[in-house]
Amino acid sequence: MTLDETAIERLVQEARVGDAWAFGLLFDHYHLPVYRYIASRVHRPSDAEDLTQLVFVKALEALPRYEARGIPFGGWLFRLARNCVIDHVRTRHDHLDLEAATQHAGRDAGPDEVTVHRQELDEVAAALAALTDEQRDAIALRFFGGLSAREAAVVMGKQEGTIRGLQFRAIAAMRRQLRIDESTTTGGDDAASDGRRVGR
Amino acid sequence: MTDGMIDVMAGDVRFRRRLEAYAEFRLSPDLATTSRMRARVLAHAHRHADLERADAALTIVQPGAGTSGDVTRSPRAVRRTALSLMAAATLLVSVAGVAAAASGPGGALYEARLFVEEVTLPTDPSERAIAELDRLAQRLAEADAAARAGDHVAAAAALAAYERIMAEASSEVLAANDPVAAAAFETGIGRNVEVLQALIAHVPAQAAAAITRAVERAIERSATAIDRVHDVPKPTPAAGGANNGGSGTGGSAGGAATPKPTKEPAERPEPTAKPTKQPAERPEATPRTPNEPAGQPEPTPRPARTPRPTPDAPQGGGPPSHQPD
Numbered sequence: 064m065t066l067d068e069t070a071i072e073r074l075v076q077e078a079r080v081g082d083a084w085a086f087g088l089l090f091d092h093y094h095l096p097v098y099r100y101i102a103s104r105v106h107r108p109s110d111a112e113d114l115t116q117l118v119f120v121k122a123l124e125a126l127p128r129y130e131a132r133g134i135p136f137g138g139w140l141f142r143l144a145r146n147c148v149i150d151h152v153r154t155r156h157d158h159l160d161l162e163a164a165t166q167h168a169g170r171d172a173g174p175d176e177v178t179v180h181r182q183e184l185d186e187v188a189a190a191l192a193a194l195t196d197e198q199r200d201a202i203a204l205r206f207f208g209g210l211s212a213r214e215a216a217v218v219m220g221k222q223e224g225t226i227r228g229l230q231f232r233a234i235a236a237m238r239r240q241l242r243i244d245e246s247t248t249t250g251g252d253d254a255a256s257d258g259r260r261v262g263r
Numbered sequence: 041m042t043d044g045m046i047d048v049m050a051g052d053v054r055f056r057r058r059l060e061a062y063a064e065f066r067l068s069p070d071l072a073t074t075s076r077m078r079a080r081v082l083a084h085a086h087r088h089a090d091l092e093r094a095d096a097a098l099t100i101v102q103p104g105a106g107t108s109g110d111v112t113r114s115p116r117a118v119r120r121t122a123l124s125l126m127a128a129a130t131l132l133v134s135v136a137g138v139a140a141a142a143s144g145p146g147g148a149l150y151e152a153r154l155f156v157e158e159v160t161l162p163t164d165p166s167e168r169a170i171a172e173l174d175r176l177a178q179r180l181a182e183a184d185a186a187a188r189a190g191d192h193v194a195a196a197a198a199l200a201a202y203e204r205i206m207a208e209a210s211s212e213v214l215a216a217n218d219p220v221a222a223a224a225f226e227t228g229i230g231r232n233v234e235v236l237q238a239l240i241a242h243v244p245a246q247a248a249a250a251i252t253r254a255v256e257r258a259i260e261r262s263a264t265a266i267d268r269v270h271d272v273p274k275p276t277p278a279a280g281g282a283n284n285g286g287s288g289t290g291g292s293a294g295g296a297a298t299p300k301p302t303k304e305p306a307e308r309p310e311p312t313a314k315p316t317k318q319p320a321e322r323p324e325a326t327p328r329t330p331n332e333p334a335g336q337p338e339p340t341p342r343p344a345r346t347p348r349p350t351p352d353a354p355q356g357g358g359p360p361s362h363q364p365d
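Right, here's the structure in full:
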């Protein structure tokens, strides 16, 4: 579902006054990037499902206090998502280490997955797991959540430049681990737009 | 390091494709997961919306709330209100449970329950007729349950309520003179007669006499109601109208009928012999021919009756689909 910022703000206003239908549209718009971000940060898919649900329930309850003062609704929602993930990891000691990533990667191998080389997906999972927590967070927000560097900075409570630095080091580390030759670089794509394409 | 360098690196086609594939196949919820999440979140949203509305209503009711100028309510106050509402709802459910136990047939609140049902009936004639049929079906279910349990008091109460509702409903259908309502009502009552006849077979021996009498009386009243409603013009197909309804022609049901203890519905499509009560002859079941003049004497004359078309009268006077019996 494609919604522009104006439409999202209108839906947010309607949801604030108790319009469940409007909130349903917001869910439809945001559930996939939020789920992807959470799934990239936790161990089990069932946890990703529970946490995604929890994020939207918390958003619903906190909606009366939401004010779009420089923070778009998406950024605000991802901040909730990030806090939920942090709480989850802290309370359950559930973080995505290398072993967990491999286990995570080994689940539900369907025919589609076989066609895109399951081993390559496993390598990506392992490369993500090898990143530092902040690097992984930045990559997840930018590429799986589809946020811009500025939005990711707001969510992580850091400067935009810091996010770009984290992203740079994370990408470099992943490229090394994935053995991607830099000569294949096209140089024509924009990082933010790439991130959005993956996330949405 | 510049943003351009980062963008160039991130723009690496292979790297991007691998992340896209990973997100697509490893980080995407399947349809069932999405449906589950959506259903739960929206259920919460609906509950939240209900609470908001209830909270708003309470805010309006409290007259002193706005006098201090502090219109906004703290989260704690909202939570308190929500908890109060939940407590009230729990209490209401408990009371409703006790009331439900007392509102069974023969119970202290049974009449009150019937009254509530009655005042909440829709006003549209056809919808009202269908709602009345639902009420009648509920009474039959209550009577059946009571009869199976051998509780003849409850069964009698349910059947008495059935008779009263049917008398009121048939009067309403006649007064409304609505063909759809009449057709629905007549068909429904016909089914009820069958249920009542089957009910006699299930009556336990110890309460057989009392319940059987009540059931027979209900069948009798049902047949009477069908007779009364039968002459309201029905929305029947134009072709084959002479055979429509069956019993109205008198050829099948009326002609073959012999004096029986109780009546069977006129519109029954299978007027074959039943193991239980059979219909008595109905005065209006005599065959009518096209040459027969309009205004045959009826057992229950009704002032609002639509005149039947006659060969001499123009056919446009009544509903287009109506055919003479």
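Residue numbers (the working numbering), protein chains in the order written: chain W, 64 to 263; chain F, 41 to 365. Glycine included, each C-beta is placed from N, C-alpha and C at the ideal position. All of these numbers come straight from a predicted model, not from anything done at the bench.
Per DSSP, reduced to three states, the secondary structure at W/V80 is coil, with no helix or strand assignment.
Under a criterion of Cβ atoms nearer than 9 angstroms, the residues of chain W adjacent to F/S68 are, in order, L95, Y98, R99 and A102.
Assignment of W/A193 by DSSP, reduced to helix, strand and coil, places it in the coil class. Collapsing the DSSP output to three states places F/L176 in a helix.
For W/I243, the closest C-alpha among the options W/E183, W/R142, W/L66 and W/A85 is that of W/E183. Restricting attention to alpha helix (DSSP H) runs no shorter than 4 residues, the stretch 77-124 of chain W encloses them at 83-102, ordered along the chain. Proximity of W/I243 to chain F, defined by a Cβ-Cβ separation below 8 angstroms, is satisfied. Collapsing the DSSP output to three states places F/T264 in a helix. Not flagged as an interface residue toward chain F: W/L204, since no C-beta distance is shorter than 8 angstroms.
For W/L123, the residues of chain F that pass the 8 angstroms Cβ criterion are V81, H84, A85 and H88, in the order they occur in the chain.
Excluding sequence positions up to five before and after W/G208, its CB lies within less than 6 angstroms of the CB of P96, Y100, F141 and G262, all in the same chain and listed in chain order. Taking the Cα of W/M237 as reference, the smallest distance to any Cα among W/A216, W/A193, W/H94 and W/I149 is reached at W/A193. Among the CB atoms of chain W, none fall inside 8 angstroms of the CB of F/M126. For F/D174, no Cβ of chain W is located within less than 8 angstroms of the residue's own Cβ. Taking the C-beta atoms as reference points, F/P145 is found nearer than 8 angstroms to F/A198.
When rounded, the separation of the alpha-carbon atoms in W/L117 and F/L59 is 26 angstroms. Contacts between W/V120 and chain F, judged by CB atoms closer than 7 angstroms, involve V81 and H84 in chain order. Looking at the backbone, the Cα of F/I205 and that of W/L114 are separated by about 54 angstroms. Taking a contact to require three or more Cβ pairs closer than 8 angstroms, the stretch 188-207 of chain W and the stretch 76-95 of chain W do not qualify as touching. Proximity to W/I234 across W/F119, W/A201, W/P135 and W/A102 peaks at W/A201, based on C-alpha coordinates.
Closer than 7 angstroms at the C-beta level to chain F, one finds these residues of the stretch 187-203 of chain W: V187 and A188.
Taking 8 angstroms as the cut-off, the beta carbon of F/A117 is found no closer than this to the beta carbon of F/A196. Chain W has no Cβ within less than 8 angstroms of the Cβ of F/L71. F/A223 is not a Cβ neighbour of F/E172, given a cutoff of 8 angstroms. The distance from the Cβ of W/L210 to that of W/G137 is about 7 angstroms, consistent with a contact at the 8 angstroms cut-off.
Inclusion of F/V243 and F/S262 in the CB contact set at 8 angstroms is not warranted, their separation being larger than that value. Within chain F, the residues placing a beta-carbon under 7 angstroms from that of W/T115 are M77, ordered along the chain.
Contacts with chain F at 8 angstroms (Cβ-Cβ) do not include W/L88. In the DSSP assignment, F/D191 falls outside any alpha helix (DSSP H), carrying neither H nor E. Scanning chain F for C-beta atoms nearer than 7 angstroms to the C-beta of W/G138 yields nothing, as the closest lies near 19 angstroms away. The alpha-carbon separation between W/L229 and W/E197 amounts to approximately 7 angstroms.
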